[in-house]
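So in the UniProt record's numbering, spot 59 of the sequence shown is number 59, and the numbers just go up one at a time.
The beta carbon of each residue, even a glycine, is placed where N, CA and C say it ideally should be.
Fair warning: this is a prediction, and the values are worked out from it, not measured in the lab.
The structure appears below as C-alpha coordinates.
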Amino acid sequence: MELSDLFFSVSVEELKRGYIEEKNDYVCLLCGERIEKGIIYPYEVLLYEAEKYMNIHIRDAHVSVFDYLITLDKKMTGLTDHQNKLLHLFYQGKSDVEVQQELEIGSASTIRHHRFVLKEKERQAKTLLALMELLKEKDAHAPSFMPVHKHAKMVDDRYNITEEEQNKAISKYFLGTKLLKFPLKEKQRLIVLREIMNHIDKEKVYTEKEINETIKTIYEDYVWIRRYLIEYGFLDRKADGSSYWVKK
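Structure representation (C-alpha coordinates):
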(Lines of atoms letter the chains of each structure in order from A and count residues from 1; the text may use other names and numbers.)
(Lines give C-alpha, C1' and ligand atoms only; values in the text may rest on other atoms or scores of the structure.)
Protein backbone atom coordinates (compact mmCIF):
# COMPACT_ATOMS: atom_id res chain seq x y z
CA MET A 1 0.00 0.00 0.00
CA GLU A 2 1.30 3.48 -0.89
CA LEU A 3 2.24 5.82 1.95
CA SER A 4 -0.50 8.29 0.96
CA ASP A 5 -3.03 5.44 1.18
CA LEU A 6 -1.77 4.54 4.64
CA PHE A 7 -1.83 8.16 5.80
CA PHE A 8 -5.54 8.50 5.12
CA SER A 9 -6.64 5.02 6.15
CA VAL A 10 -5.19 4.77 9.65
CA SER A 11 -7.08 5.53 12.85
CA VAL A 12 -6.88 8.91 14.57
CA GLU A 13 -4.80 7.35 17.34
CA GLU A 14 -2.31 5.94 14.85
CA LEU A 15 -2.09 9.27 13.05
CA LYS A 16 -1.48 11.07 16.35
CA ARG A 17 1.31 8.59 17.10
CA GLY A 18 2.79 9.12 13.63
CA TYR A 19 3.53 5.50 12.79
CA ILE A 20 1.90 2.10 12.41
CA GLU A 21 3.04 -1.36 13.35
CA GLU A 22 3.37 -4.01 10.66
CA LYS A 23 4.50 -7.59 10.99
CA ASN A 24 8.23 -6.89 10.65
CA ASP A 25 8.50 -3.10 10.86
CA TYR A 26 7.25 0.14 12.30
CA VAL A 27 6.37 2.52 9.46
CA CYS A 28 6.49 6.30 9.78
CA LEU A 29 3.26 7.76 8.37
CA LEU A 30 4.96 11.08 7.71
CA CYS A 31 7.77 9.96 5.42
CA GLY A 32 7.62 6.17 5.01
CA GLU A 33 10.75 5.39 7.02
CA ARG A 34 10.77 1.77 8.17
CA ILE A 35 12.31 0.64 11.45
CA GLU A 36 12.82 -3.11 11.50
CA LYS A 37 11.74 -5.04 14.57
CA GLY A 38 14.20 -7.22 16.44
CA ILE A 39 17.14 -4.85 15.96
CA ILE A 40 18.74 -2.67 18.62
CA TYR A 41 19.49 0.83 17.34
CA PRO A 42 22.30 3.00 18.74
CA TYR A 43 21.54 6.68 19.25
CA GLU A 44 24.07 8.97 20.89
CA VAL A 45 25.26 6.94 23.90
CA LEU A 46 22.20 4.72 24.33
CA LEU A 47 20.62 1.71 22.61
CA TYR A 48 16.94 1.59 21.66
CA GLU A 49 14.53 -1.12 20.56
CA ALA A 50 12.64 -0.49 17.33
CA GLU A 51 9.49 1.25 18.55
CA LYS A 52 11.33 3.70 20.79
CA TYR A 53 13.76 4.39 17.97
CA MET A 54 10.81 5.23 15.70
CA ASN A 55 9.83 7.94 18.18
CA ILE A 56 13.37 9.31 17.98
CA HIS A 57 13.13 9.29 14.18
CA ILE A 58 9.89 11.30 14.27
CA ARG A 59 11.40 13.81 16.67
CA ASP A 60 14.61 14.25 14.64
CA ALA A 61 13.08 14.18 11.17
CA HIS A 62 9.75 15.94 11.78
CA VAL A 63 10.05 17.64 15.21
CA SER A 64 6.63 16.21 16.13
CA VAL A 65 3.51 14.81 14.47
CA PHE A 66 1.77 18.11 15.27
CA ASP A 67 4.52 20.13 13.58
CA TYR A 68 4.22 17.95 10.48
CA LEU A 69 0.42 18.02 10.26
CA ILE A 70 0.16 21.76 10.83
CA THR A 71 2.27 22.38 7.71
CA LEU A 72 -0.10 20.46 5.42
CA ASP A 73 -2.11 22.43 2.88
CA LYS A 74 -5.28 24.07 4.22
CA LYS A 75 -7.30 21.87 1.86
CA MET A 76 -6.05 18.89 3.84
CA THR A 77 -6.55 20.31 7.33
CA GLY A 78 -9.66 22.43 6.78
CA LEU A 79 -8.00 25.25 8.73
CA THR A 80 -7.78 28.88 7.73
CA ASP A 81 -4.36 30.54 7.91
CA HIS A 82 -5.50 32.35 11.06
CA GLN A 83 -6.67 29.12 12.73
CA ASN A 84 -3.40 27.48 11.78
CA LYS A 85 -1.44 30.22 13.55
CA LEU A 86 -3.67 29.97 16.61
CA LEU A 87 -3.23 26.20 16.90
CA HIS A 88 0.52 26.56 16.55
CA LEU A 89 0.65 29.08 19.40
CA PHE A 90 -1.70 27.02 21.59
CA TYR A 91 0.52 23.98 21.03
CA GLN A 92 3.49 26.01 22.26
CA GLY A 93 1.63 26.42 25.55
CA LYS A 94 1.00 30.14 25.25
CA SER A 95 -1.79 31.71 27.28
CA ASP A 96 -4.68 33.61 25.71
CA VAL A 97 -3.04 36.90 26.68
CA GLU A 98 0.28 35.85 25.13
CA VAL A 99 -1.45 34.72 21.92
CA GLN A 100 -3.38 38.00 21.73
CA GLN A 101 -0.18 40.00 22.18
CA GLU A 102 1.74 37.99 19.59
CA LEU A 103 -1.01 38.19 16.95
CA GLU A 104 -1.96 41.75 17.92
CA ILE A 105 -5.69 41.10 17.59
CA GLY A 106 -8.65 41.92 19.83
CA SER A 107 -8.32 40.90 23.44
CA ALA A 108 -7.88 37.74 25.52
CA SER A 109 -11.63 37.18 25.24
CA THR A 110 -11.24 37.25 21.43
CA ILE A 111 -8.74 34.41 21.71
CA ARG A 112 -11.12 32.45 23.97
CA HIS A 113 -13.79 32.83 21.29
CA HIS A 114 -11.37 31.39 18.72
CA ARG A 115 -10.73 28.45 21.06
CA PHE A 116 -14.49 27.88 21.22
CA VAL A 117 -14.77 27.93 17.40
CA LEU A 118 -11.97 25.37 17.13
CA LYS A 119 -13.69 23.12 19.67
CA GLU A 120 -16.85 23.36 17.58
CA LYS A 121 -14.86 22.24 14.52
CA GLU A 122 -13.53 19.31 16.56
CA ARG A 123 -17.04 18.23 17.55
CA GLN A 124 -18.26 18.56 13.96
CA ALA A 125 -15.28 16.56 12.69
CA LYS A 126 -15.97 13.74 15.15
CA THR A 127 -19.63 13.64 14.16
CA LEU A 128 -18.81 13.60 10.46
CA LEU A 129 -16.20 10.88 10.97
CA ALA A 130 -18.76 8.72 12.78
CA LEU A 131 -21.36 9.35 10.08
CA MET A 132 -18.94 8.41 7.29
CA GLU A 133 -17.89 5.24 9.12
CA LEU A 134 -21.55 4.23 9.53
CA LEU A 135 -22.24 5.10 5.90
CA LYS A 136 -19.57 2.64 4.76
CA GLU A 137 -21.63 -0.17 6.28
CA LYS A 138 -24.76 0.72 4.27
CA ASP A 139 -23.77 2.47 1.05
CA ALA A 140 -23.27 -0.40 -1.38
CA HIS A 141 -23.20 1.99 -4.37
CA ALA A 142 -20.35 4.22 -3.20
CA PRO A 143 -17.53 4.29 -5.79
CA SER A 144 -13.98 3.60 -4.70
CA PHE A 145 -12.22 6.97 -4.75
CA MET A 146 -8.48 7.24 -5.15
CA PRO A 147 -6.77 8.89 -2.15
CA VAL A 148 -5.45 12.43 -2.50
CA HIS A 149 -1.68 12.60 -2.11
CA LYS A 150 -0.52 14.45 1.00
CA HIS A 151 1.05 17.46 -0.72
CA ALA A 152 -1.71 18.05 -3.23
CA LYS A 153 -2.26 21.72 -4.02
CA MET A 154 -5.64 23.31 -4.67
CA VAL A 155 -7.69 20.17 -3.97
CA ASP A 156 -10.83 20.44 -6.08
CA ASP A 157 -12.91 18.38 -8.56
CA ARG A 158 -9.72 17.29 -10.34
CA TYR A 159 -9.15 14.93 -7.41
CA ASN A 160 -12.62 13.42 -7.65
CA ILE A 161 -11.21 10.26 -9.24
CA THR A 162 -12.68 6.79 -8.91
CA GLU A 163 -10.66 3.62 -9.25
CA GLU A 164 -12.57 2.84 -12.45
CA GLU A 165 -11.74 6.24 -13.96
CA GLN A 166 -8.09 5.80 -13.13
CA ASN A 167 -7.88 2.36 -14.73
CA LYS A 168 -9.58 3.59 -17.92
CA ALA A 169 -7.28 6.59 -18.23
CA ILE A 170 -4.15 4.49 -17.73
CA SER A 171 -5.31 2.07 -20.42
CA LYS A 172 -6.02 4.98 -22.76
CA TYR A 173 -2.83 7.00 -22.31
CA PHE A 174 -0.20 4.36 -21.60
CA LEU A 175 1.25 1.53 -23.65
CA GLY A 176 3.16 -0.45 -21.07
CA THR A 177 5.29 2.13 -19.26
CA LYS A 178 5.25 4.56 -22.22
CA LEU A 179 2.98 7.59 -22.10
CA LEU A 180 1.38 7.98 -25.53
CA LYS A 181 0.28 11.60 -25.03
CA PHE A 182 -0.19 14.04 -22.19
CA PRO A 183 -3.93 14.69 -21.81
CA LEU A 184 -5.53 18.14 -21.92
CA LYS A 185 -8.09 17.60 -19.16
CA GLU A 186 -6.84 18.31 -15.65
CA LYS A 187 -8.32 15.19 -14.04
CA GLN A 188 -6.73 12.91 -16.61
CA ARG A 189 -3.43 14.75 -16.26
CA LEU A 190 -3.51 14.05 -12.54
CA ILE A 191 -4.10 10.34 -13.18
CA VAL A 192 -1.19 10.26 -15.62
CA LEU A 193 1.11 12.04 -13.17
CA ARG A 194 0.18 9.61 -10.41
CA GLU A 195 1.07 6.72 -12.69
CA ILE A 196 4.41 8.31 -13.62
CA MET A 197 5.23 8.64 -9.92
CA ASN A 198 5.15 4.83 -9.67
CA HIS A 199 8.36 4.84 -11.72
CA ILE A 200 10.25 7.40 -9.63
CA ASP A 201 12.31 6.19 -6.67
CA LYS A 202 10.81 7.66 -3.49
CA GLU A 203 14.08 7.34 -1.57
CA LYS A 204 16.44 8.84 -4.15
CA VAL A 205 17.61 12.42 -4.54
CA TYR A 206 17.97 12.99 -8.29
CA THR A 207 20.20 15.40 -10.12
CA GLU A 208 18.43 17.41 -12.81
CA LYS A 209 19.96 15.19 -15.47
CA GLU A 210 18.87 12.01 -13.66
CA ILE A 211 15.26 13.12 -13.19
CA ASN A 212 15.11 14.22 -16.84
CA GLU A 213 16.41 10.86 -18.02
CA THR A 214 13.99 8.97 -15.76
CA ILE A 215 10.99 10.90 -17.07
CA LYS A 216 12.27 10.66 -20.64
CA THR A 217 11.98 6.86 -20.52
CA ILE A 218 8.25 7.41 -20.04
CA TYR A 219 7.57 10.50 -22.19
CA GLU A 220 9.77 12.46 -24.56
CA ASP A 221 8.75 15.92 -23.34
CA TYR A 222 10.30 15.51 -19.90
CA VAL A 223 10.35 19.27 -19.17
CA TRP A 224 6.56 19.44 -19.43
CA ILE A 225 6.06 16.42 -17.15
CA ARG A 226 8.66 17.58 -14.64
CA ARG A 227 6.96 20.96 -14.37
CA TYR A 228 3.58 19.38 -13.62
CA LEU A 229 5.00 16.90 -11.11
CA ILE A 230 6.30 19.89 -9.13
CA GLU A 231 3.17 21.98 -9.67
CA TYR A 232 0.91 19.18 -8.38
CA GLY A 233 3.07 18.59 -5.29
CA PHE A 234 4.52 15.21 -6.25
CA LEU A 235 8.14 16.38 -6.54
CA ASP A 236 10.18 19.01 -4.77
CA ARG A 237 13.49 20.55 -5.78
CA LYS A 238 16.23 22.93 -4.75
CA ALA A 239 15.76 26.53 -5.85
CA ASP A 240 18.60 26.22 -8.36
CA GLY A 241 17.11 23.02 -9.86
CA SER A 242 20.20 20.96 -9.00
CA SER A 243 18.32 18.32 -6.99
CA TYR A 244 14.87 16.72 -7.17
CA TRP A 245 13.11 14.34 -4.80
CA VAL A 246 9.68 12.89 -4.01
CA LYS A 247 7.81 14.96 -1.44
CA LYS A 248 7.02 12.93 1.69
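{"query": "Bridge partners of aspartate 20, per DSSP?", "result": "Note that residue 20 corresponds to isoleucine in the displayed sequence, not to aspartate. BP columns for isoleucine 20 point to Val27."}
{"query": "Using a threshold of 8 Å, state whether the C-beta atoms of valine 97 and leucine 89 are closer than that.", "result": "no"}
{"query": "Mapping the DSSP letters down to three states, classify glutamate 36 as helix, strand or coil.", "result": "strand"}
{"query": "Return the bridge partner residues of aspartate 221 from the DSSP annotation.", "result": "DSSP output for aspartate 221 lists no bridge partner at all."}
{"query": "Whose C-alpha, out of Lys178, Lys202 and Glu186, is nearest the C-alpha of tyrosine 222?", "result": "Lys178"}
{"query": "What is the residue span of the beta strand (DSSP E) that arginine 237 lies within?", "result": "235-237"}
{"query": "Excluding five sequence neighbours on each side, which residues of the same chain lie with their C-beta closer than 6 Å to the C-beta of arginine 158?", "result": "Glu186, Lys187 and Leu190"}
{"query": "On the DSSP letters alone, give me the boundaries of the beta strand (DSSP E) that valine 246 sits inside.", "result": "243-246"}
{"query": "Straight-line CA distance for proline 183 to phenylalanine 66?", "result": "38 Å"}
{"query": "What's the C-alpha gap between isoleucine 70 and threonine 77?", "result": "8 Å"}
{"query": "Can you find a heavy atom of the ligand FAD that lies under 7 Å from the Cβ of leucine 87?", "result": "This structure simply doesn't include the ligand FAD, nor any ligand for that matter."}
{"query": "How many angstroms separate the CA atom of methionine 1 from the CA atom of serine 109?", "result": "Below a pLDDT of 50, predicted positions are generally treated as unreliable, and methionine 1, at 48, falls in that range; the measurement from the model is reported next regardless. Between methionine 1 and serine 109, the C-alpha separation is close to 46 Å."}
{"query": "DSSP state of leucine 47, grouped into three classes?", "result": "strand"}
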